[in-house]
Amino acid sequence: MSEAKLNLFSFSGKIRTLHLTWFAFFLTFMVWFNHAPLLAAIQETFNLSKQEVKALLIVNVALTIPARIIIGMLVDKYGPRLIFSGLLFISSIICFFFAMADSYPMLLATRFALGFVGAGFVIGIRMIGEWFPAKQVGVAEGIYGGWGNFGSAASAMLLPSLALMYGGENGWRYAIATTGAIALLYSFVYFKLARNTPKGSTYFKPKKTGAMEVTSKGDFFFYLLMNIPMYAALAVLAWKLGPANLNIIGAVATDSIYLGLLALYAYQTAQVWRINKHVFSEEVPEIHRYKFKQVAILDLAYFVTFGSELAVVSMLPLFFKNTFDLSMVQAGFLASGFAFMNLAARPFGGLFSDKFGRKKMLSLLIAGLAVGYLVLGQITSGWPVALAVAATMVCSFFVQAGEGAVFAIVPLVKRRMTGQVAGMAGAYGNVGAVTFLTVFSFVTPQIFFMVIAGAALVALVAVQFLDEPKGHTAEVMEDGTVQMIEVG
Amino acid sequence: MSNHLQIDYAAVTEKGNKEENADAADALVPEGSALLNKGVAAAICDGMSSSEGGVEAAQICVRSFMDDYLSTPDSWTVKTAATKVLGALNRWLWSQGQMRYDSAKGMVTTFTGLVIKSTTAHVFHVGDSRLYLFRDGDLEQLTHDHRVWVGRDRDFLSRAMGIDAHIDIDYRSLAVEPGDIFLFTTDGVSGYVTDNRLRQLMRDQGENLQACAQAIMEEALQGGSHDNVTCQLLKVLSLPEKTEDDILQKITELPFPPPLQAGMKIDNYEILRELHASARSEVFLARDMDQGTKVILKTPSVNFRDDPAFLEGFLHEEWVGKRISNSHVLKVLDTPRRHFLYNISEYVEGQSLRQWMDDHPQTHINTARDYLAQIVDGLRAFHRLEMIHLDLKPENILIDKDGILKIIDFGSTRVAGATEIKTCYASDTPQATVDYGAPECLKGQCSMRSDTYSLGVIAYELLTGALPYGEHDKPVAASKLRYTPARQHNPNIQIWVDGALRKALHPDPARRYDTLSEFLYDLSHPNPKFLRATDQPLIERNPLAFWKGTAALLLALNLVLLYLLTQ
Chain A
0 MSEAKLNLFS FSGKIRTLHL TWFAFFLTFM VWFNHAPLLA AIQETFNLSK
50 QEVKALLIVN VALTIPARII IGMLVDKYGP RLIFSGLLFI SSIICFFFAM
100 ADSYPMLLAT RFALGFVGAG FVIGIRMIGE WFPAKQVGVA EGIYGGWGNF
150 GSAASAMLLP SLALMYGGEN GWRYAIATTG AIALLYSFVY FKLARNTPKG
200 STYFKPKKTG AMEVTSKGDF FFYLLMNIPM YAALAVLAWK LGPANLNIIG
250 AVATDSIYLG LLALYAYQTA QVWRINKHVF SEEVPEIHRY KFKQVAILDL
300 AYFVTFGSEL AVVSMLPLFF KNTFDLSMVQ AGFLASGFAF MNLAARPFGG
350 LFSDKFGRKK MLSLLIAGLA VGYLVLGQIT SGWPVALAVA ATMVCSFFVQ
400 AGEGAVFAIV PLVKRRMTGQ VAGMAGAYGN VGAVTFLTVF SFVTPQIFFM
450 VIAGAALVAL VAVQFLDEPK GHTAEVMEDG TVQMIEVG
Chain B
0 MSNHLQIDYA AVTEKGNKEE NADAADALVP EGSALLNKGV AAAICDGMSS
50 SEGGVEAAQI CVRSFMDDYL STPDSWTVKT AATKVLGALN RWLWSQGQMR
100 YDSAKGMVTT FTGLVIKSTT AHVFHVGDSR LYLFRDGDLE QLTHDHRVWV
150 GRDRDFLSRA MGIDAHIDID YRSLAVEPGD IFLFTTDGVS GYVTDNRLRQ
200 LMRDQGENLQ ACAQAIMEEA LQGGSHDNVT CQLLKVLSLP EKTEDDILQK
250 ITELPFPPPL QAGMKIDNYE ILRELHASAR SEVFLARDMD QGTKVILKTP
300 SVNFRDDPAF LEGFLHEEWV GKRISNSHVL KVLDTPRRHF LYNISEYVEG
350 QSLRQWMDDH PQTHINTARD YLAQIVDGLR AFHRLEMIHL DLKPENILID
400 KDGILKIIDF GSTRVAGATE IKTCYASDTP QATVDYGAPE CLKGQCSMRS
450 DTYSLGVIAY ELLTGALPYG EHDKPVAASK LRYTPARQHN PNIQIWVDGA
500 LRKALHPDPA RRYDTLSEFL YDLSHPNPKF LRATDQPLIE RNPLAFWKGT
550 AALLLALNLV LLYLLTQ
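Here the protein sequences line up with chains A and B, keeping their order. With numbering that gives the first Met the number 0 applied, the first sequence corresponds to residues 0 to 487, in that order. With numbering that gives the first Met the number 0 applied, the second sequence corresponds to residues 0 to 566, in that order.
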């Protein structure tokens, strides 16, 4: 009655949902990074300084951190179908405003607002989880995440040519507006065709939580500590834009942002307390216990993998253009090689992790990406372009396979909390992006790559503290008989 | 500390000055799962002395109450079970009294019964025997003597078992605490030992139940009791206090099977092929290697590996299935050699009602009647056991080759008796399916009429191929439901059939059918109430036409105004 294998050429049932949803995610990524390959043109139009260009890159990823939380709550309330359609719809409008911007502040404001679209990932994960049985959900989410992330590569490959085709000084504006138009159209398509659950499936009320559960006193404080970087990243951004640095927003505005972030942190701490205060009065039953350390390590791993990917995807086209003195089209096309690996690397990372041991694989991949970034840090104009592109592709393979490996471990921390663990890791990816791009705004690309490599080494050490997650406790014998194994 | 209900009890009886002892008292502590599902039962009876069969009546009453109570379905609440048992007992005593002794006093007895299930005590009382609760050094009388006073020192028993075919039984329930002692006495004690003395005796000797009972009896005899003297004590030693660990440990005693594939052998089953896999469970066709028969093997999804509420629900489904025996309900089979978490049910070769409806849109009313009658038959089996299915939908009904319908999937079924057992995972919001679950279930107020609603949706869909309130993405509140008359989808439907559907589908459960059979009856017999449908305003009969008409009228008015303005 139902296929046991994934037939990706089908367009019915859950596969149809997968296709509809990864494409929606693909479009959000395309819109989110539609500025990167066109930065040279934008810089020219507005006569921007290097610092101003870099600030544009940071604001793009800043709002995503809080947006993920808001989107997560909205999906709980209204379901993924409406929220994904709504996100595409709204981001297309903001995208049009970006395309029509007539000043640098407007560019910044619209780009900042577009950070919201980066939260699309959360929605689709929910959708896929609802449609796929446990044994297929890993592969399905790998395809969803990998093919969707490819959206930034598509932007890098297509938009410069598109801008050239439209021609003239405003070509880049039309190119960006085109991505918005596609998103706008697709928002209606998605609403029309997608469904929240398979037909006739039993409705489960989502559990309401304001914060993640922890299961020991130590973990309670550990969790509060791990929340700080999310606010700190936004504070750094405010500082960057404030009078101390770029002086784009005033002192009063900057201070009120600091205050707002402080208030938010206090509010979140109150939520954490409300949900977890019982750990101070009674012991949590054994069966519910887990180590928050595992979550924190995965957060760090995602910080260097996904965080560096977002940062590199933002700066790579301009870097290639400047280093090798290429045209915008060429640079965009070559830089797309980094995100291109997504198609295969991310699903493979998950697969390898399941097969060869999760901790070992994650260590290997992070070590690989540390070396990869060290190599990227050596790129100079003296390198053959082909070699530079090959290096980025090899490096990006490790980065994206690492992302897949992180998400292969996420459900094993605590099944019940998979969504929350995934949400926090995802947020850390964005914190990584903000951090790395802020670093980028102060240093040369060479040092930028070295900093990522350094961060990766720190993450590599952290991963050594990961407890190898437990798998099944039953084994299948050669003849197909299922056998019980005694576990400690 | 022990984690289940443990009690100690003692009873003494003496005929005193009387010739016969018409008192009876006993307690019963079942073993195994019955202790969990039924609890501990105790009773005291005092056969009326002026009644010819009083001695026999009291003994039968105590014995039968305990035996019959234990054999009621596990799914019933204590109250339902005891009420049914006592009602039947009363009728039997009354008719025996009439037959054997030809008098209303033939077999008459008082009855005071106690059931402790989980952490709640349920008291059933009629007559003038007494039940006291001794807690923290204080004695409280839980029952009220049913006596009427005629004159200063003459009183009569006003209510008792066996006097009339009808009986009113006092019922109350209270929370039990460890250390509580329940004291049962007959009027041979209560007339001669004051409550103050009883309290004193309990305080002095409460540790030794047997000695305490003895002391109370002796005090009564010394006090000059000229009636049978009976006293029973029941002490609660420990209560079931389940921690989450216990429950989950019990659930997860069975490990998850590994991902199953065709050809694998698990216990004595060989997996033949996968039938269905969703984010919640996986269903396989398997072969029982002992018997060679085909069976269905269902496992929960590993997504819920550490979700006790879901796993409990999975085991609950099996519990429900094993208690229902009806040709229109899927049989859940025994799994004596199970080492993994799965359940086995009979294999029904056929298709789901959903598939059938896809093949036969807008079925003929006769087929629909036949199918609905079969579903109702299955549903009645649930309702008789105080179970509500709560997830009735075409996907959950199978049709076999011979056209026999079977209800499947009892994962959402609410069992009245089970909600009395204390666990941490009683879910407040049952899981239903959008467009099939009754709106009141959203608020957690499910009743048997919620199943009527779901059945109504199926009936409507059978006849029209559409849903009565349209298709939705998530549950809709009752106030937002607007019924689309079935005749709009299928003009062949009689107006009274539509009326019956509408009543079954009423958003307010109080205005739905009382019983399923009424609904069935109205589907095949024109109900005069529904024939006057033409009296209804157009806006209810056909809202679309009404609004179209209104819009046309407004347009015409506007045109007239426009014309006048331009003049």
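Positions of the beta carbon are idealized from the N, C-alpha and C atoms, including for glycine. Source: prediction; values computed, not measured.
query	result
Could you spell out where the alpha helix (DSSP H) holding F24 (chain A) opens and where it closes?	12 to 31
What is the DSSP secondary structure of F183 (chain B), reduced to helix, strand or coil?	strand
Tell me, which residues are paired with C211 (chain B) by DSSP?	DSSP lists no partner for C211 (chain B).
Of all the CB atoms in chain A, is at least one closer than 8 Å to the CB of T79 (chain B)?	no
By how many angstroms is the C-alpha of L192 (chain A) removed from the C-alpha of L19 (chain A)?	8 Å
Return no unless some Cβ of chain A is closer than 8 Å to the Cβ of F313 (chain B).	no
8 Å is my cut-off, CB to CB: does P360 (chain B) come that close to chain A?	no
What three-state label does DSSP hand L553 (chain B) in the structure shown?	helix
CB-CB under 7 Å to A118 (chain A), same chain, minus the five flanking residues each way: which ones, in chain order?	T63, A66, R67, I70
I'd like to know whether the C-beta of L329 (chain B) is nearer than 8 Å to at least one C-beta of chain A.	no
Can you tell me where the alpha helix (DSSP H) holding E55 (chain B) begins and where it ends?	53 to 69
Rounded to whole angstroms, what's the CA-CA distance from A300 (chain A) to Y372 (chain A)? Just pull it up for me.	15 Å
So which residues of chain A does E281 (chain B) contact, with C-beta pairs closer than 9 Å?	P132, A133, K134
Examine chain A for any beta-carbon lying closer than 8 Å to the beta-carbon of T109 (chain B), and answer yes or no.	no
What is the DSSP secondary structure of I43 (chain B), reduced to helix, strand or coil?	strand
Based on the DSSP output, what are the partners of Q5 (chain B) in its beta bridges?	B:S237
Use the C-beta contact count for A87 (chain B): other C-beta atoms within 10 angstroms, 16 or more gives buried, fewer gives exposed.	exposed
Anyone know if the C-beta pair for A152 (chain A) and F339 (chain A) falls short of 8 Å?	yes
Is it buried or exposed for E460 (chain B), if we count other Cβ within 10 angstroms and need 16 for buried?	buried
What is the DSSP secondary structure of Y301 (chain A), counted as helix, strand or coil?	helix
For chain B, find out if any of its Cβ atoms is closer than 8 Å to the Cβ of R288 (chain A); answer yes or no.	no
May I ask you to report which of helix, strand or coil DSSP gives V347 (chain B)?	coil
Out of B:Q97, B:D73, B:S157, which has the shortest C-alpha to C-alpha gap to G105 (chain B)?	B:Q97
Hey, out of B:D333, B:S157, B:A23, B:T229, whose CA is closest to V61 (chain B)'s CA?	B:A23
Please classify A425 (chain B) as buried or exposed, where buried requires at least 16 neighbouring CB atoms within 10 angstroms.	Confidence at A425 (chain B) is low in this model, with a pLDDT of 47, below 50, so the placement of that residue is unreliable and no value is reported for it.
Taking buried to mean at least 16 other C-beta atoms within 10 Å of its own C-beta, is E439 (chain B) buried or exposed?	buried
If I measure Cβ to Cβ from S157 (chain B) and keep anything under 7 Å in the same chain, skipping five residues before and after, which residues do I get?	H145, R146, V147
Is N195 (chain B) buried or exposed, if buried means 16 or more other CB atoms sit within 10 Å of its CB?	exposed
Can you round the beta-carbon distance between V125 (chain B) and I168 (chain B) to whole angstroms, since I take them to be within the 8 Å contact cut?	5 Å
Work out the CA separation of D324 (chain A) and L163 (chain A) for me, nearest whole Å.	18 Å
Between R357 (chain A) and chain B, is the shortest Cβ-Cβ distance under 8 Å, so that the two count as touching?	no
Please compile the residues from chain A whose C-beta is within a distance smaller than 7 Å of the C-beta of N302 (chain B).	A133, R414
For R172 (chain A) and M99 (chain A), what's the separation of their Cα atoms in angstroms?	7 Å
Taking the alpha-carbon positions, what's the C423 (chain B) to F313 (chain B) distance?	Note that C423 (chain B) scores a pLDDT of 42, beneath 50, so its modelled location is shaky and nothing firm can be said.
Can you confirm whether E497 (chain A), when its beta carbon is compared against all beta carbons of chain B, has any partner nearer than 8 Å?	Here chain A covers residues 0 to 487 and nothing more, so residue 497 (chain A) does not appear.
At 7 Å on the CB atoms, spell out the chain B contacts of E129 (chain A), in chain order.	A278
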